[in-house]
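Residues 15 to 105 in my numbering are what the sequence shown lists, from first letter to last.
Every residue, glycine too, gets a C-beta built ideally from N, C-alpha and C.
Structure first, commentary second.
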Amino acid sequence: MKTENINYLLSAYFHQDWRCEAQNDDEIIMHFKKAETQQTINELKEELNSLLASNQELTREFIIENDGYYNPEYGGLTIREWLARLLQLLN
Numbered sequence: 015m016k017t018e019n020i021n022y023l024l025s026a027y028f029h030q031d032w033r034c035e036a037q038n039d040d041e042i043i044m045h046f047k048k049a050e051t052q053q054t055i056n057e058l059k060e061e062l063n064s065l066l067a068s069n070q071e072l073t074r075e076f077i078i079e080n081d082g083y084y085n086p087e088y089g090g091l092t093i094r095e096w097l098a099r100l101l102q103l104l105n
């Protein structure tokens, strides 16, 4: 399954210092939407849709393997719920 744009989002925007750039994940997504091309946003949405439609188990390891430093469990969300929320914010 293609996840290069998911990896890009997690590694470039949810890096280990992301809290220095935003107070929460919503602000990071708003920054992403302003900074990236519509093509990149659309490709990310396609990847998120495919991932969420799959039966792939989504654990914290998925975020770590894609170079992300965000833990949605602190906000009471599973990885799948958080990715679905990101997809909503991207629309």
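Query: Which whole-angstrom value describes the C-beta separation of phenylalanine 28 and glycine 90, a residue pair presumed to lie in contact below a C-beta threshold of 8 Å?; Result: Their Cβ separation, rounded to whole angstroms, is 18 Å, which puts phenylalanine 28 and glycine 90 out of contact at 8 Å.
Query: If I measure Cβ to Cβ from serine 25 and keep anything under 7 Å in the same chain, skipping five residues before and after, which residues do I get?; Result: Asn80, Asp81, Gly82
Query: Quick check on isoleucine 78: buried or exposed, where buried means 16 or more other Cβ atoms within 10 Å of its Cβ?; Result: exposed
Query: Considering only the beta carbon of each residue, do leucine 97 and leucine 66 sit closer than 8 Å?; Result: yes
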